[in-house]
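Number of protein chains: 2
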Amino acid sequence: MRLALEEARAAADAGEVPVGAVLVRDGQVLARAGNAPRRLRDPTAHAEMRVIREAAAKLGVERLEECDLWVTLEPCAMCAGAIAHARVRRLYYGAADPKGGGVEHGARVFAQPTCHHRPEVYAGLGEREAAELLRGFFAGRR
Amino acid sequence: MRLALEEARAAADAGEVPVGAVLVRDGQVLARAGNAPRRLRDPTAHAEMRVIREAAAKLGVERLEECDLWVTLEPCAMCAGAIAHARVRRLYYGAADPKGGGVEHGARVFAQPTCHHRPEVYAGLGEREAAELLRGFFAGRR
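Line by line, the protein sequences are chains A and B.
Per my numbering, the first sequence starts with residue 1, numbered consecutively.
Per my numbering, the second sequence starts with residue 1, numbered consecutively.
Here it is, written out as structure tokens:
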């Protein structure tokens with residue numbers, strides 16, 4: 001989660017909403033990335049999507065079955081859907097996101113009968129730092 | 001929708017679940033693609049994601065505000081989330097997907113208070129052909 005928070009800080013420095021993610025297998029970091037839809041001109045370039053795509057490309061597989069995803073903020077519906085499609089084993093996230101989250105809020109993707117894979121979910125790790133980064137970012141933009 | 005169905009057929013020929021999508025602005029096709037997670041080794045490479053990413057890259061923008069998306073099947077939660085993030089104006093889809101859909105089933109992404117943009121949605125266009133393609137594909141795999 002320390003690496004994910006670093007990625008979130010780097011995203012903030014680049015003018016992006018500060019969210020960072022890391023994809024891990026067997027204790028090894030396969031991919032790390034920050035949120036970058038503005039910089040990449042890609043509305044799907046959330047941190048989670050970037051590490052899933054990078055890790056799948058690196059491993060040459062469509063499914064990341066033995067992999068765990070660490071992310072500083074509760075994933076949105078898009079990212080939760082991607083996590084399910086990728087068969088990610090465990091999801092660890094920091095701050096909850098009542099306004100845009102799709103795990104414990106809103107779409108609650110993993111709780112739906114249409115969801116074909118549910119990762120183990122661990123919330124609240126590094127929550128304080130992750131939330132402070134976001135607050136600082138949005139306060140600075142007002 | 002004719003073009004989207006062509007893309008779905010091409011996906012089936014390539015051994016992918018037959019879903020196709022087209023992204024249109026001002027009557028002009030900006031991007032067309034079929035479902036390709038296996039071929040591309042990318043769990044996020046659904047037809048809708050591919051046309052959204054391609055059109056955004058082509059236009060050099062993060063938001064596709066004047067764009068309409070045509071897809072042969074009801075989008076899943078991931079794709080519905082991406083459609084919302086991309087600010088797609090209108091969504092036209094063919095067959096409903098009770099098992100994996102995220103628009104009128106399951107996550108019902110656009111109906112959530114956590115959804116920050118709702119496209120106009122038109123369902124059932126080219127439904128018969130889209131559903132027949134899927135049935136034929138899955139029957140052939142049994």
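Even for Gly, the Cβ is constructed at its ideal location relative to N, Cα and C.
Practice task
Label P98 of chain A either buried or exposed according to how many other C-beta atoms from any shown protein chain fall within 10 Å of its C-beta, with 16 as the threshold for buried.
Solution key: exposed
Practice task
Answer with buried or exposed for Q148 of chain B, where buried requires no fewer than 16 other C-beta atoms within 10 angstroms of its C-beta.
Solution key: Chain B is shown only over 1 to 142; residue 148 of chain B falls outside these bounds and no answer can be derived.
Practice task
Please list the partners that Q28 of chain A has in chain B, where partner means a Cβ-to-Cβ separation under 8 Å.
Solution key: By Cβ distance, chain B contributes nothing, its closest Cβ being about 19 Å from Q28 of chain A, past 8 Å.
Handout entry: Best match in A:A111, A:R39, A:V22 for proximity to D13 of chain A [C-alpha to C-alpha]
Key = A:R39
Exercise for the section: Please decide whether E62 of chain B counts as near chain A, where near means a Cβ-Cβ distance under 8 Å. Expected result: yes
Handout entry: Pairwise C-alpha distance: P43 of chain B and G60 of chain A
Key = 11 Å
Exercise for the section: Examine the Cβ distances between the region 66-76 of chain A and the region 45-54 of chain A and report whether three or more of them are shorter than 8 Å. Expected result: yes
Practice task
Please name the residue, chosen from A:M78, A:E65, A:Y122, that lies closest to L91 of chain A on a Cα-to-Cα basis.
Solution key: A:Y122
Problem - Beta-carbon spacing of A56 of chain A, A80 of chain A below 8 Å - result: no
Problem - Status (buried if at least 16 other CB within 10 Å, exposed otherwise) for G126 of chain A - result: buried
Problem - Residues of its chain near R118 of chain B, where Cβ-Cβ distance is below 6 Å and the 5 sequence neighbours each way are ignored - result: F110
Exercise for the section: For the beta strand (DSSP E) holding A21 of chain A, just list the boundary residues, first then last. Expected result: 20-25
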